[in-house]
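See structure below.
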Amino acid sequence: MNIVTKQDVFSKENQDKIPRSKKKLPMRSRTSSRPEQTNSSTNNTTQPQPATNQPSSTTSNQKQSSSSEERLTVYHAGLPKHNSDRPQSRPFGRSNSFSRSNRPQSSEVRSNQTPFVKREIVPSRPLTTGEKKLRIIPIGGLEEIGKNMTIFEFGQDIFIVDMGLMFPDSDMFGIDYVIPDVTYLEDKKDRIRGIIITHGHLDHTGAIPYLIEKIGYPPIYGTKVTLGLVKQRLEEFSLVGKNRLIEIDPVEDSIKLGVFTVNFFKLNHSIPGAVGLEIETPVGRLVYATDWKFDYTPADGQPADFGKIAGIGSKGVKLFFSDSTNVERRGHAISEQRVGETINEIVSEARGRIIIAMFSTLIGRIQQVFNSAHKNGRKVAVVGMSMQKAVEMAISIKAITVPENTLIEIRQARNLPDNRVLILSTGSQGEDRAALKRMAHGDDRNVNIHKGDTVVISASPIPGNEKSVNDVMDEIYRAGGRVVYNRDMDVHTSGHAHQEDLKLMLALIKPEYFMPLHGERHKLMLHARLAQSIGVDPNKCIVGADGQVIEITADGHVQTTREKVPCGYVMVDGLGVGDVGNIVLRDRQAMATDGIFIAIVTIDRSTGRILTSPDIISRGFIYMRENETLVSEARQLIRDLFIQNYRRSRDDVGEIRNQIRDGLTKFLKEKTEREPMIIRNVYINKPSGLFRSCSQLAGFSLIYRWIRCKSSLSRIM
Ligand SMILES: [Zn+2]
Ligand SMILES: [Zn+2]
10 MNIVTKQDVF SKENQDKIPR SKKKLPMRSR TSSRPEQTNS STNNTTQPQP ATNQPSSTTS
70 NQKQSSSSEE RLTVYHAGLP KHNSDRPQSR PFGRSNSFSR SNRPQSSEVR SNQTPFVKRE
130 IVPSRPLTTG EKKLRIIPIG GLEEIGKNMT IFEFGQDIFI VDMGLMFPDS DMFGIDYVIP
190 DVTYLEDKKD RIRGIIITHG HLDHTGAIPY LIEKIGYPPI YGTKVTLGLV KQRLEEFSLV
250 GKNRLIEIDP VEDSIKLGVF TVNFFKLNHS IPGAVGLEIE TPVGRLVYAT DWKFDYTPAD
310 GQPADFGKIA GIGSKGVKLF FSDSTNVERR GHAISEQRVG ETINEIVSEA RGRIIIAMFS
370 TLIGRIQQVF NSAHKNGRKV AVVGMSMQKA VEMAISIKAI TVPENTLIEI RQARNLPDNR
430 VLILSTGSQG EDRAALKRMA HGDDRNVNIH KGDTVVISAS PIPGNEKSVN DVMDEIYRAG
490 GRVVYNRDMD VHTSGHAHQE DLKLMLALIK PEYFMPLHGE RHKLMLHARL AQSIGVDPNK
550 CIVGADGQVI EITADGHVQT TREKVPCGYV MVDGLGVGDV GNIVLRDRQA MATDGIFIAI
610 VTIDRSTGRI LTSPDIISRG FIYMRENETL VSEARQLIRD LFIQNYRRSR DDVGEIRNQI
670 RDGLTKFLKE KTEREPMIIR NVYINKPSGL FRSCSQLAGF SLIYRWIRCK SSLSRIM
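For what it's worth, my numbering labels the leading residue of the sequence shown as 10, then goes sequentially.
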């Protein structure tokens with residue numbers, strides 16, 4: 010497998026110290042408010058225990074559970090779901106008698122699809138002193154956007170949070186996706202207790218189908234919407250049924266993964282079902298919150314669980330991981346409800362058709378669009394494959410409710426008056442083959458944009474897509490439509506917290522150590538400074554890098570180590586996973602930049618003479634018919650180079666080829682200031698007709714590679 014290594018994580022830049030903030034306010038006195046951590050350290054010298062000040066009876070239950078050969082790995086507190094007296098934080102040394110199987114099931118979906126009780130044989134053996142460290146290994150998601158994946162390891166137990174993909178950079182020609190490198194886990198398959206997926210976005214789920222086999226099909230835990238999307242993706246790869254998908258309810262459930270106990274809390278994001286994790290470990294409590302924001306009026310009516318978050322914070326948090334995506338933005342992100350109201354205003358005022366383009370994972374917003382259409386007497390037609398699949402999935406798991414007689418086929422929309430139609434579409438990023446671009450160009454076989462249409466782009470361009478979005482907006486105007494986008498009106502909001510919400514979360518969690526996630530290096534640094542501004546000790550802010558192992562020792566000390574595990578880019582290109590590496594990418598870059606120049610020389614072995622004028626094939630470099638002088642000079646140069654070098658080293662064809670390549674490179678650079686990829690083949694034989702055909706075929710196959718590379722480029726752009 011080819012793995013493209015990122016910059017050395019231990020480079021000087023990565024060891025920058027975070028400057029101490031002048032505005033530092035002490036958050037609390039650690040010694041007085043956290044006696045439990047002292048206890049924890051003491052306990053840990055004898056037996057791994059979660060940092061706790063719980064009553065001794067529950068602690069002893071926990072001990073019994075830890076040493077049990079057959080461990081109940083999924084359970085909940087057995088409390089009624091809507092009990093207003095229910096405490097917001099629960100003791101975590103629970104008895105296994107609180108089985109999830111005792112709880113009334115909340116829906117048919119859960120009862121049909123979810124194995125509520127999972128019994129798993131966990132090897133029980135005493136841990137050695139050397140193993141009493143928690144190892145946290147971010148495999149992806151640091152100093153980059155995408156391929157989020159973090160490993161938590163203690164002794165014999167490993168669990169994984171998220172397994173996402175990254176979209177390729179514009180210079181990764183022909184690459185479909187980049188996925189994490191799981192080499193570290195390949196010989197530890199039997200120790201992986203599960204994968205927890207925080208939410209359904211591709212940068213957290215997209216690599217599952219590519220990697221799940223390599224890590225031995227561990228069970229996957231997630232909320233209903235998240236698992237709906239994971240299942241859809243597994244279906245595309247015919248992998249459904251290979252491993253268990255275990256649905257969790259973030260309000261009620263708690264899962265046990267070896268020595269780890271994971272509780273959940275609801276968060277808001279641009280997709281329903283996003284959760285944060287409270288991870289109880291033998292060395293302290295961790296909180297993991299990637300991709301979140303606070304929205305008091307979200308589209309699904311379920312704000313983040315502030316009570317539970319505050320409860321977790323009051324128990325004492327050793328290390329907190331948080332989302333850095335929007336750390337540069339001041340204030341708060343606007344609410345999804347505001348977006349819904351704006352869309353409704355537009356729908357109610359428009360006289361012609363409405364076309365709304367957005368990401369298909371914005372399930373809450375899709376619901377708002379259906380509601381608005383229904384309220385204003387419009388029917389909704391869904392176009393674009395991913396949008397159709399998302400709506401289908403959301404309806405099937407009851408994540409959205411479509412008002413009666415509102416959803417129609419796109420063909421039916423053609424027979425309705427314009428003011429009765431709303432089209433929900435993909436293509437908010439101006440993607441080449443997406444529905445919005447087709448409609449704007451007049452290329453869609455069902456519906457095209459015409460005068461009087463209002464197109465709402467309910468998204469902001471991802472960096473790098475600005476030009477495509479501008480182009481599609483221009484096309485819409487040319488076709489007679491009008492565009493509304495997020496610079497005009499509040500038709501989009503980000504799913505990631507702005508500064509004030511990040512601070513509020515830090516104030517609620519009150520972590521001892523802090524580690525920013527989900528962002529490039531500068532965002533991680535800014536987030537660390539933000540944490541310091543509200544009182545986190547600058548020496549306890551960890552700005553990590555992919556692959557860098559972070560350890561929490563038995564005495565509760567968090568340290569970054571010099572150990573680095575493989576964390577390079579694994580490229581997915583068509584059916585190939587990991588077969589494209591640096592060398593292939595470099596060739597593609599060279600071909601895409603200055604084209605390709607192929608010289609084929611065929612000589613007669615008996616006489617040592619060139620049989621024909623050297624064949625030259627060129628693509629993407631010059632138009633040969635208009636550059637005949639250059640081509641004939643190149644031919645002459647090839648002849649001269651061959652004759653000179655054949656005399657010197659007639660038995661070393663490789664050397665002759667290299668000399669021709671070097672001479673041609675110099676010549677073409679001088680003449681054109683371009684450096685095409687040069688392929689030179691010297692065939693020493695008496696050619697038959699078949700032989701000549703073969704040599705030409707070799708040239709054409711290289712051209713085919715080049716054309717494929719260029720078409721991939723246009724797809725990316
Ligand atoms: Zn993300
Ligand atoms: Zn996300």
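C-beta: ideal position from N, C-alpha, C; glycine also.
Review point. Cβ of H531 within 8 Å of Cβ of S331?
Key: No, they are not a contact pair.
Inset, instruction - Work out the CA separation of D171 and G102 for me, nearest whole Å. - result: Because G102 carries a pLDDT of 30, less than 50, the predicted location of this residue cannot be relied on, and the following value inherits that uncertainty. Spanning the two alpha carbons is a distance of roughly 26 Å.
Excluding five sequence neighbours on each side, which residues of the same chain lie with their C-beta closer than 6 Å to the C-beta of G436? In its chain, beyond the 5 residues on either side, A366, A443, A444, L445 and K446 have a beta carbon closer than 6 Å to the beta carbon of G436.
Evaluate contact between the stretch 390-399 and the stretch 421-441, counting only Cβ atoms and requiring at least three cross-stretch pairs below 8 Å.
The stretch 390-399 is in contact with the stretch 421-441.
Fill in: Sequence-distant residues of the same chain with beta carbon closer than 7 Å to S516, five excluded per side
Looking at the sequence shown, residue 516 is not Ser but Ala. The residues are I543.
I'd like the list of long-range same chain contacts for M633, defined as Cβ closer than 6 Å, with 5 residues on each side in sequence excluded. When the five nearest sequence neighbours on each side are left out, the beta carbons in the same chain lying within less than 6 Å of the beta carbon of M633 are those of S627 and V640, in order along the chain.
> Quick one: is the Cβ of D427 within less than 7 Å of any heavy atom of ligand 2?
Replying inline: The closest heavy atom of ligand 2 lies 7 Å or more from the beta carbon of D427.
Distance cut-off 7 Å: D300 Cβ against heavy atoms of ligand 2
Flag set: Cβ of D300 near ligand 2.
Pairwise C-alpha distance: L677 and A599 = Cα to Cα, A599 sits roughly 15 Å from L677.
Q73 classed as buried or exposed, judged by whether at least 16 other C-beta atoms fall within 10 angstroms:
Note that Q73 scores 37 on pLDDT, short of 50, meaning its location in the model is unreliable; the coordinates nonetheless yield the value given after this. Exposed, because fewer than 16 other Cβ atoms sit within 10 Å of the Cβ of Q73.
H213: CB within 7 Å of a non-hydrogen atom of ligand 2
The closest heavy atom of ligand 2 lies less than 7 Å from the beta carbon of H213.
Quick check on T159: does DSSP put it in helix, strand or coil? Residue state, collapsed to three classes: strand.
Three-way DSSP call (helix, strand, coil) for E287 in this model | Three-state DSSP puts E287 in a strand.
_Within a Cβ cutoff of 8 Å, which residues of the same chain sit near L529, ignoring the five residues on either side of it in sequence?_
Reading off the sequence, residue 529 comes out as Glu, not Leu. So the list reads E152, E153 and I154, once near-sequence residues are dropped.
- Task: Would you list the residues sitting across from M175 in a DSSP beta bridge?
- Result: M175 is bridged by DSSP to V187.
If you reduce the DSSP assignment to three classes, tell me which class F182 lands in.
Of the three classes helix, strand and coil, the one that applies to F182 here is coil, per DSSP.
| task | May I ask which residues mark the beginning and end of the beta strand (DSSP E) holding K573? | result | Counting along the chain, the beta strand (DSSP E) containing K573 begins and ends at V567 to K573.
* **For L539, the first and last residue of its enclosing alpha helix (DSSP H)** => That run of the alpha helix (DSSP H) goes R530 to S542.
Discussion item. Any contact between the stretch 177-190 and the stretch 582-599? By contact I mean 3 or more CB pairs, one from each, below 8 Å.
Written reply: Between the stretch 177-190 and the stretch 582-599, the count of C-beta pairs closer than 8 Å reaches three or more; the two stretches touch.
How do the stretch 283-296 and the stretch 263-273 stand: do at least 3 beta-carbon pairs fall below 8 Å, yes or no? In short, these stretches touch, since the Cβ pair count reaches three.
Exercise. Could you give the distance in angstroms between the alpha-carbon of I612 and the alpha-carbon of Q668?
Worked result: Going by the C-alpha atoms only, they are around 16 Å apart.
What is the C-beta distance between I559 and I145, in whole angstroms, given that I count them as a contact (C-beta under 8 Å)?
-> Confirmed, about 4 Å.
Inspect the beta-carbon positions of S344 and D304 and report whether they are closer than 8 Å.
It is a contact, given that the beta carbons lie within the stated cut-off.
When DSSP builds the beta bridges, which residues end up paired with V430? According to DSSP, residue pairing for V430 in a beta bridge involves K388.
| message | Following a CB-centred definition, is N591 positioned closer than 7 Å to any heavy atom of ligand 1? | response | Flag unset: Cβ of N591 not near ligand 1.
Between H210 and ligand 1, is there a pair consisting of the residue's CB and a ligand heavy atom that are separated by less than 7 Å? Distances between the C-beta of H210 and the heavy atoms of ligand 1 include at least one below 7 Å.
- Task: With a threshold of 7 Å, establish whether the CB of N654 neighbours any heavy atom of ligand 1.
- Result: No, ligand 1 has no heavy atom inside 7 Å of this Cβ.
Query raised in the report: With 16 other CB atoms within 10 Å as the buried threshold, where does E289 fall?
Result: Buried, since its Cβ has 16 or more Cβ neighbours within 10 Å.
Legend entry - Proximity winner among V567, G322, Y193 and T638, relative to L513 (alpha-carbon distances): Shortest Cα-Cα distance from L513 to any of V567, G322, Y193 and T638 involves G322.
Collapsed DSSP secondary structure at P525 in the structure displayed:
Note: P525 maps to strand in three-state DSSP.
- Please classify T270: does DSSP put it in a helix, a strand, or coil? Shown here, T270 sits in a strand according to DSSP, grouped into three states.
Straight-line Cα distance separating I364 from T415: Their backbone Cα atoms lie some 15 Å apart in a straight line.
Notebook entry, point to check: If you run the structure through DSSP and keep just helix, strand and coil, what is F329?
Noted result: Three-state DSSP puts F329 in a strand.
Let me check you understand the geometry: is the CB of G150 closer than 7 Å to at least one non-hydrogen atom of ligand 2?
No.
Kindly examine ligand 3 and report whether one of its heavy atoms sits closer than 7 Å to the Cβ of F274.
Among the ligands modelled here, namely ligand 1 and ligand 2, ligand 3 does not occur.
For I647, is the classification buried or exposed, using 16 other Cβ atoms within 10 angstroms of its Cβ as the cut-off for buried?
Flag for I647 reads buried.
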